[in-house]
Amino acid sequence: MKKHDAHQMLVACITEHKADFYRLAFSYVKNQEDALDIVQESIKKALISMDSIKDIQSIKSWLYKIVVRTAIDFLRKHKRLTLVNDEALEYLSSGREDQYEDIDLKQAMDQLPVKYKTIIILRFFEDLKMDEIAEIIEENVNTVKTRLYRALNLLRITMTEEDLEQ
Amino acid sequence: MNEKIEKLKKQYHDILIPDELDDVVAQALSSHPRKKKFYIWPSAIAAAAAIIFITTVNVSPGAANAMAKIPVLGKVVEVITFDELKQEENHSRIDVKTPSISGLENKGLQTSLNEKYIKENERLYEQFKKEMKTLQKGEKGNVAVSSGYDIITDTDDLLVVHRYVEESRASTSSVNQYDTIDKKHEVLVTLPSLFKDKRYIKVISENIKQQMKDQMKHEEGKIYWLTEEDMDPFKEIADNQSFYITKDHKLRIVFDKYKVAPGYMGNIEFEIPTGVISNLLVGKRYIH
């Protein structure tokens, strides 16, 4: 691929989707300052490894991938990545529904382990396709599906097959 | 779509975008972190745009260009410039220098190497001519092809001929090849032939990864594609990975530009400590 083309595409794509990247970063770190840092760091990484872009079509997913990785790295470095053990998962999934459904739902989403949260965000909030998500998290499509079901399960959301695939 | 998901989605999209985002993005985009310019066209060539300039220099053996002349048990194995060709037209230029090895008694080896050198440069020239033909009248090609060689190691035992091809079109590429010749036994040394078995691939790869990590940790600006977040991280060397042996008998593994690091890092070399591979080596003759 011609380099200056790649650079232009990259700049265009970043400019167009900067708000998406910010929201994505924010949903992991939950504060403005860190989210901005992650966006900045991700752009720098993207510029540095620009040579490895092979397909112009996939620039957007590639950038999502960098943001997700950078955010997870950030959490790890700052030890804010709480590993949820089975007990906690059990607790999450067994909780009764109460009348404060909205707050409950938001909390459940916040407490969702990163690997599940990532998939919910990319699939439903960013409207990415299953195979795009698979590429971003470097897993196969089946793993993405399994995690998506599990994530919905944890959020106590029931969906039809149709909803998931569309 | 499910009602709960809709709610979560709304919450997600309600995340406030701070005013600072524009600045942060603009700043990051303009920072060009530790990256060189992609492509520089020498102004001297621009000035010579319209002129077609052809010179062919054939240098006879023993001429001033002789690169190496080391007597080995009464025989002289040397590398000279067999042919040099320069041409400039349409904002484009080619400069290829073809080496030629002489003095080996193993004529088969000598001829096959020399023929390979000639053939590869001929191909570069043919390609260049073809490209020039496809240009419209007055159109600028902006192509530069340059190929040459140098002698990296020349000891009593070993001769290493390094050949490089640099091509710049819209982007630049650089390919390096090394031929390591055992002058005494008159054989071409390949990477697999140095080792008892295939274990070397893993051992060398692991050592390189460690060196990459160490360099990235201690030296600002060093970047290798190693982590999972890179599109195509370095996993292991090819079984016939480019390599050469230094005059100090050390093994060096070579990667072309872009292969394991961003372009600005150029061609990459790693010296493998002999201790790491010593029990895998067939013998200690070349590497110790």
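Chain order of the listed sequences is A and B.
Taking my numbering, the leading residue of the first sequence gets 802, the next gets one more, and so forth.
Taking my numbering, the leading residue of the second sequence gets -8, the next gets one more, and so forth.
All C-beta atoms in this analysis are idealised placements derived from N, C-alpha and C, irrespective of residue type, glycine included.
Burial state of residue i (16 or more Cβ within 10 Å)
i                 : result
ASN112 (chain B)  : buried
GLN78 (chain B)   : buried
LYS107 (chain B)  : exposed
ASP170 (chain B)  : buried
THR290 (chain B)  : Residue 290 (chain B) cannot be examined here, being either before or after the span of chain B that is shown, -8 to 279.
THR947 (chain A)  : exposed
THR871 (chain A)  : buried
LYS(-5) (chain B) : buried
LYS866 (chain A)  : buried
THR919 (chain A)  : buried
GLN908 (chain A)  : exposed
Residue-chain proximity (residue i, chain A), Cβ-Cβ < 9 Å
i                 : result
ALA135 (chain B)  : no
LEU12 (chain B)   : yes
SER22 (chain B)   : yes
PRO9 (chain B)    : yes
GLY257 (chain B)  : no
GLN2 (chain B)    : yes
LYS(-5) (chain B) : yes
DSSP state of residue i mapped onto helix, strand, coil
i                : result
HIS279 (chain B) : coil
SER137 (chain B) : strand
LYS226 (chain B) : coil
VAL868 (chain A) : helix
ILE6 (chain B)   : coil
GLU130 (chain B) : coil
ILE920 (chain A) : helix
THR237 (chain B) : coil
GLU69 (chain B)  : strand
TRP32 (chain B)  : Here the model assigns TRP32 (chain B) a pLDDT of 40, short of 50, so the residue's position is not dependable and the matter cannot be decided.
ARG951 (chain A) : helix
ILE937 (chain A) : helix
ARG282 (chain B) : This structure cannot speak to residue 282 (chain B), because chain B is shown only from -8 to 279.
VAL812 (chain A) : helix
ARG957 (chain A) : coil
Chain B within 9 Å of residue i, Cβ atoms only
i                : result
CYS814 (chain A) : no
LYS861 (chain A) : no
ASN852 (chain A) : Contrary to the premise, residue 852 (chain A) reads as Asp rather than Asn in this sequence. Yes, its Cβ sits closer than 9 Å to a Cβ of chain B.
TYR823 (chain A) : yes
ILE912 (chain A) : For clarity, residue 912 (chain A) is Gln in the given sequence; the question names Ile instead. No, its Cβ sits nowhere closer than 9 Å to a Cβ of chain B.
LYS930 (chain A) : no
ALA935 (chain A) : no
Candidates the options, of which the one nearest residue i by Cα
i                : options                                   : result
ARG957 (chain A) : A:MET931, A:ASP928 and A:LEU913           : A:LEU913
LEU864 (chain A) : A:PHE875, A:MET851 and A:THR959           : A:MET851
PHE246 (chain B) : B:ASP148, B:GLU262 and B:ASN270           : B:GLU262
GLU96 (chain B)  : B:ILE172, B:PRO264, B:ILE199 and B:THR181 : B:ILE172
ASN81 (chain B)  : B:GLU69, B:LYS1, B:LYS213 and B:VAL134    : B:VAL134
PRO253 (chain B) : B:SER83, B:HIS153, B:THR163 and B:GLU197  : B:THR163
TYR813 (chain A) : A:ASN943, A:LYS946, A:ASN941 and A:ILE844 : In the sequence under discussion, the amino acid at residue 813 (chain A) is Ala, which differs from the Tyr named in the question. If we check each option's Cα against that of ALA813 (chain A), A:ILE844 comes out closest.
LYS226 (chain B) : B:TRP216, B:PHE234 and B:SER233           : B:TRP216
SER159 (chain B) : B:ILE85, B:LEU150, B:LYS174 and B:LYS(-2) : B:ILE85
ASP806 (chain A) : A:GLU940, A:ILE849, A:ILE854 and A:VAL942 : A:ILE854
LYS0 (chain B)   : A:TYR950, A:ASP928 and A:ASN941           : A:ASP928
Sheet register partners of residue i (DSSP bridge)
i                : result
ASN167 (chain B) : B:TYR155
ARG84 (chain B)  : B:GLU79 and B:ALA135
ALA90 (chain B)  : The question names Ala, but residue 90 (chain B) is Pro in the sequence shown. According to DSSP, PRO90 (chain B) bridges with B:THR72.
ASP145 (chain B) : B:LEU150
Proximity test, residue i beta-carbon vs the ligand FMN heavy atom, cut-off 8 Å
i               : result
VAL70 (chain B) : Ligands are entirely absent from the displayed structure, and the ligand FMN is therefore not among its contents.
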